[in-house]
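> Can you keep this structure in mind? I'll have questions shortly.
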Ligand code: ADP
Ligand code: MG
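In structure tokens, the structure reads:
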């Protein structure tokens, strides 16, 4: 069973952090030991979205060799394990990104599922994340720029030896048909494993620094996140 996923995109702002946080919480709600890691070392915000405030040790200190991974794990909603990224840019140069693979190995020892929130784009840190997990999940919006960039990342994933595992269509319009989804799948070259609607509850939740599945569990986006989590965890 695939257990470690890198959640990425090409274009920024497609919803990687939102998807990582909410899928992580939904998997934890289903009783799966789940860990989410902010590998967006430069622009870390996964911890914020999950409501963490005091995080003196982050992934950055682990990647610089200053702290063991155990010290960078914080408890999120429903027992979700959260490894936040550092908010300070100061030490960015001292980070050894190659250590990320050790982090993934250590965490897969203690988790059923591991989700890595990846940086956007195709810089060295983004590329590294593509091979750090078992599979890569592309978060795309139903717009041409997002799809074109995701195709590049899918090709890049294969080039560097990673495995594209599927895509999540985020901010989808409810009225858009299955034909539209199939067209996007054909363009991307991977199947869409879930579709999350555009939902104002998502923005309201992030303003309240909570994942939407916690703040508005009955919302249509929360139901969609739980469906994707159930399918990853093979829950009928
Ligand atoms: P990324 O991590 O890819 O940069 P974020 O997860 O930070 O993207 O999302 C970018 C913005 O879009 C945030 O303000 C978030 O609240 C909003 N957003 C993400 N998904 C949805 C959605 N399904 N419906 C409405 N707003 C969304
Ligand atoms: Mg993000």
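In UniProt numbering, the protein residues as written are 1 to 236.
Even glycine gets a Cβ: it sits at the ideal position worked out from N, Cα and C.
All values derive from a computational prediction rather than experimental measurement.
Once the 5 residues before and after residue 57 are set aside, which same chain residues still bring their CB inside 6 Å of it?
Closer than 6 Å at Cβ, skipping near neighbours: 67, 71 and 72.
> Thinking C-beta only, is residue 168 closer than 8 Å to residue 194?
Yes, the Cβ-Cβ distance between residue 194 and residue 168 is below 8 Å.
> As an exercise, report each continuous alpha helix (DSSP H) stretch of at least 4 residues that is fully enclosed by the segment 196-227, in chain order.
Qualifying alpha helix (DSSP H) stretches, in chain order: 200-207 and 212-215.
> What residue range does the beta strand (DSSP E) around residue 4 cover?
Run containing residue 4: 4-8, per the beta strand (DSSP E) assignment.
> Nearest to residue 107 by CA position, among 121, 74 and 127, is which residue?
Among 121, 74 and 127, the Cα nearest to that of residue 107 belongs to 74.
> For residue 22, is the beta carbon positioned less than 7 Å from some heavy atom of the ligand MG?
Checking the Cβ of residue 22 against the ligand MG gives no.
> By DSSP's criteria, residue 35 is part of a beta bridge. Which residues make up the other side?
81 and 114.
> How is residue 51 classed by DSSP in three states: helix, strand or coil?
Of the three classes helix, strand and coil, the one that applies to residue 51 here is coil, per DSSP.
> Run through DSSP, which three-state label would residue 141 get?
Residue state, collapsed to three classes: coil.
> In the DSSP assignment, what residue or residues form a beta bridge with residue 136?
DSSP output for residue 136 lists 6 and 164 as bridge partner(s).
> Does DSSP put residue 170 in a helix, a strand or coil?
Residue state, collapsed to three classes: strand.
> Are residue 19 and residue 214 closer than 8 Å when you measure CB to CB?
No.
> Under 7 Å from any heavy atom of the ligand MG, does the C-beta of residue 58 make it?
No, Cβ of residue 58 sits at least 7 Å from all heavy atoms of the ligand MG.
> Helix, strand or coil: how does DSSP classify residue 66 here?
Residue state, collapsed to three classes: coil.
> I need the boundaries of the alpha helix (DSSP H) containing residue 187, first residue and last residue.
Residues 178-188.
> Which two residues bound the contiguous alpha helix (DSSP H) that contains residue 24?
That run of the alpha helix (DSSP H) goes 16-29.
> DSSP state of residue 122, grouped into three classes?
If DSSP states are grouped into helix, strand and coil, residue 122 belongs with coil.
> Going by beta-carbon coordinates alone, are residue 40 and residue 119 separated by less than 8 Å?
Cβ atoms of residue 40 and residue 119: closer than 8 Å.
> Buried or exposed for residue 9, going by 16 or more other Cβ atoms inside 10 Å?
Buried is the call here.
> Go ahead and pull the three-state DSSP assignment for residue 151.
Reduced to three states, the DSSP call for residue 151 is helix.
> What does a CB cutoff of less than 7 Å around residue 23 pick up in its chain, not counting 5 residues either side in sequence?
Counting only Cβ-Cβ distances below 7 Å, and skipping sequence neighbours, we find 115, 225, 228 and 229.
> Any idea if residue 130 is buried or exposed, counting beta-carbon neighbours within 10 angstroms, 16 or more meaning buried?
Classification for residue 130: buried.
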